[in-house]
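Mapping to full-length UniProt numbering: the sequence shown position 20 is 20, numbers consecutive.
Beta carbons: idealized from backbone N, C-alpha and C, even for Gly.
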Amino acid sequence: MSSNQGHSTRILIIGKTGNGKSSLGNIILRQKMFAVGTGMACTTVSTATRSSARNGRIIEVTDTPDLSNQYHTVSEIQAEVKKWKGDPETTPDAVLLAVRCDVRYTAEEFAIYQQVKEIWGRDLCRRLVVAFTFGDRQDRDLGEELGTVCRELNSVLNDASDKFDVTSRLIIYYFISGSNKLVNTNT
Ligand SMILES: Nc1nc2c(ncn2[C@@H]2O[C@H](COP(=O)(O)OP(=O)(O)O)[C@@H](O)[C@H]2O)c(=O)[nH]1
Ligand SMILES: [Mg+2]
């Protein structure tokens, strides 16, 4: 990840292949800068950072591969997560965990999230935002849906102090209009 340039906001997107990470990155940047997968193909094979300027602020988005597809040994996973975290000057302001809201959150997804948290450390939680994707396929009200989520997803939402959003646009709005601090975009 490149170094901070004054007002830049760094956003890291993580999660399972097919959960819409690259699409989310493109929404945030408002440009098609990340290749979006089709069918079962997982296009994102390595971490990539793209940026765009908005209201005088640089938004830097890092798209990542699915750790469970791309890496097989614990040390490979540790090295990748440490790369994502960077050093204190370059650590992302927000970590968006892409979770589909139209299908069940799986134990496998939870396990990989826990692994990331263990390597990154507790500091991950204050940067964490659950970015629900596939909102267009969800016909129930999200608030209602969240009342019935599984224990694993509840635990992730707890870690994120209930910072979640369906489109990510609001999150970015707060970043560029506010003081670069993470706030609950749902209030
Ligand atoms: N219906 C719908 N499809 C989506 C959404 N986000 C992504 N997709 C589709 O899901 C597939 C995987 O998306 P991609 O962004 O590559 O996911 P990634 O593997 O997590 O990077 C692509 O066919 C996208 O067009 C969404 O919010 N709604
Ligand atoms: Mg991708």
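Fill in: With 16 other Cβ atoms within 10 Å as the buried cut-off, status of Lys85
Residue 85 sits at position 85 when you count from the first residue of the sequence shown. Per the 10 Å Cβ criterion, buried.
Fill in: Cβ-based neighbour list, Ile77, same chain, cut-off 6 Å, excluding 5 preceding and 5 following
As a working note, residue 77 is residue 77 in the sequence shown. Taken in chain order, the residues that qualify are Leu67, Tyr71.
Worksheet item: Looking at C-beta atoms only, is the number of pairs between the region 134-145 and the region 49-60 that lie closer than 8 Å three or more?
Response: They do not touch, by the three-pair rule.
Worksheet item: Quick one: is the Cβ of Ser22 within less than 7 Å of any heavy atom of ligand 3?
Response: Only ligand 1 and ligand 2 can be found as ligands here, which leaves ligand 3 out of the picture.
Item to complete: Let me know the alpha helix (DSSP H) ranges lying completely inside the region 85-118, each 4 residues or longer, listed in chain order.
Response: Correct list: empty.
Discussion item. Could you compute how far the alpha carbon of Arg140 sits from the alpha carbon of Phe34?
Written reply: Residue 140 sits at position 140 when you count from the first residue of the sequence shown. Residue 34 sits at position 34 when you count from the first residue of the sequence shown. Rounded to whole angstroms, Arg140 to Phe34 spans 30 Å at the Cα level.
Discussion item. What does the alpha-carbon distance come out to for the pair Lys181 and Phe110?
Written reply: Along the sequence shown, read from residue 1 onward, the residue named residue 181 stands at position 181. Along the sequence shown, read from residue 1 onward, the residue named residue 110 stands at position 110. Any reading at Lys181 needs caution, since the residue's pLDDT is 43, under 50, leaving its predicted position unreliable; the model's value is listed next. Their Cα atoms are separated by approximately 26 Å.
Item to complete: Would you mind working out which of Tyr113, Arg127, Thr148 sits nearest Phe164, comparing C-alpha positions?
Response: By 1-based counting over the sequence shown, the position of residue 164 is 164. Phe164 has its Cα closest to that of Arg127, out of Tyr113, Arg127, Thr148.
Discussion item. Let me check one thing: in DSSP terms, what residues is Gly18 bridge-paired to?
Written reply: Numbered from 1 along the sequence shown, position 18 holds the residue referred to as residue 18. Its beta-bridge partners do not exist; DSSP assigns none.
Worksheet entry | Assigned exposure category for Cys150 - 16 Cβ within 10 Å defines buried | Numbered from its first residue, the sequence shown carries residue 150 at position 150. Answer is exposed; the Cβ neighbour count stays below 16.
Item to complete: Please report the Cβ distance between Arg10 and Pro92, rounded to the nearest whole angstrom; I am assuming they are in contact, meaning their Cβ atoms lie under 8 Å.
Response: On the sequence shown, position 10 is the one that residue 10 refers to. On the sequence shown, position 92 is the one that residue 92 refers to. Rounded to whole angstroms, the Cβ separation of Arg10 and Pro92 is 4 Å, and the two are in contact under 8 Å.
Fill in: Reduced DSSP category for Ala79 - H, G, I as helix; E, B as strand; rest coil
To locate residue 79, count along the sequence shown from 1; it is residue 79. The answer is helix: DSSP assigns Ala79 an H, G or I state.
Item to complete: Indicate the three-state DSSP secondary structure (helix, strand or coil) for Val149 in the structure shown.
Response: Your numbering for residue 149 matches position 149 in the sequence shown. Here Val149 sits in coil by DSSP.
Worksheet entry | Straight-line gap, Thr47 to Glu80 (C-alpha atoms, nearest Å) | Numbered from its first residue, the sequence shown carries residue 47 at position 47. Numbered from its first residue, the sequence shown carries residue 80 at position 80. C-alpha separation (whole angstroms): 9 Å.
Discussion item. At a cut-off of 7 Å, would you count Val36 as near ligand 1, judging by its Cβ distance to the nearest heavy atom?
Written reply: Start at 1 with the first residue of the sequence shown, and residue 36 comes out as number 36. The answer is yes for Val36.
Worksheet item: Taking the continuous beta strand (DSSP E) assigned at Ser51, which residues delimit it?
Response: In the sequence shown, residue 51 corresponds to position 51, counting from 1. Taken as a continuous stretch (DSSP letters only), the beta strand (DSSP E) holding Ser51 covers 48-54.
Worksheet item: Who are the Cβ neighbours of Asp159 in its own chain at under 8 Å, not counting the five residues just before and after it?
Response: Counting from one through the sequence shown, the residue named residue 159 turns up at place 159. So the list reads Lys117, Leu124, Cys125, Leu128, once near-sequence residues are dropped.
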